[in-house]
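Numbering of the sequence shown is given in our numbering, commencing with residue 3 and proceeding in unit increments. A quick write-up on the structure given underneath.
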Amino acid sequence: MSTDTMLLLAASSHTFNLVGAFIGGLVIAGLLIWAVTFGITVRTREPGPPKPDEQPHLPDGGAVREESEMREADEVHHCEEGEDRLLPHDMHRASTRHAEDQHRRRWDPGSSGSFGSGGLGHV
C-alpha cells in the first residue's frame, strides 16, 4: 500500500467518525426536544391547583385530637449480676415518657444561644 492510500483511508475513517458523532448529536437533541414537548402536553392535561374555597381548613372548634406535652427520657434498666436480662418485648413502646413537670422551659437570657457557641453557658 502506498502512502496516499493510507492517508485516504485515515481521512475517510476520520470523516466517518465525525459524521457519526454529528448524527448521534442530532438524535440526542431530537429526543430531548421530544421529551420536553411530551412533558408539556402531559402537564396541560393535569387538573389545575385547587381554588381557595376548595382548600382544606380547620374546623370551627380548632384542631382535633392534638396534644402537646413535655417528654423526658425513659432510661433502660441495667441488669445486675444474677438478674434476667431485658428482652425486646419487655421494653416500652417509646424511648420517652410523660414528664412530671409540664412547665415549658424558655430561653434564659444569661445562657448560651446554642450548643457549641463558645459561651460560658448558664451561669
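Even glycine gets a Cβ: it sits at the ideal position worked out from N, Cα and C. Note that the structure is a prediction, hence the values are computed from the model and not measured.
*Entirely enclosed alpha helix (DSSP H) segments - the stretch 22-58, minimum 4 residues*: Runs of the alpha helix (DSSP H) lying entirely within the stretch 22-58, each at least 4 residues long, are absent.
*When the Cα atoms are used, what is the spatial distance from Arg106 to Ser97?*
When rounded, the distance between both Cα atoms is 20 Å.
_Identity of the residues DSSP links to Arg99 by a beta bridge_ = By DSSP's assignment, Arg99 forms a beta bridge with Glu74.
*Consult DSSP for His2 and reduce its assignment to one of helix, strand or coil.*
Since the displayed the chain opens at 3 and closes at 125, residue 2 lies outside it and no answer follows.
_Where Asp62 sits in the DSSP three-state scheme_ = Coil, per DSSP.
*Separation of Glu102 from Glu74, as counted between CA atoms*: Between the alpha carbons of Glu74 and Glu102 lies a distance of about 9 Å.
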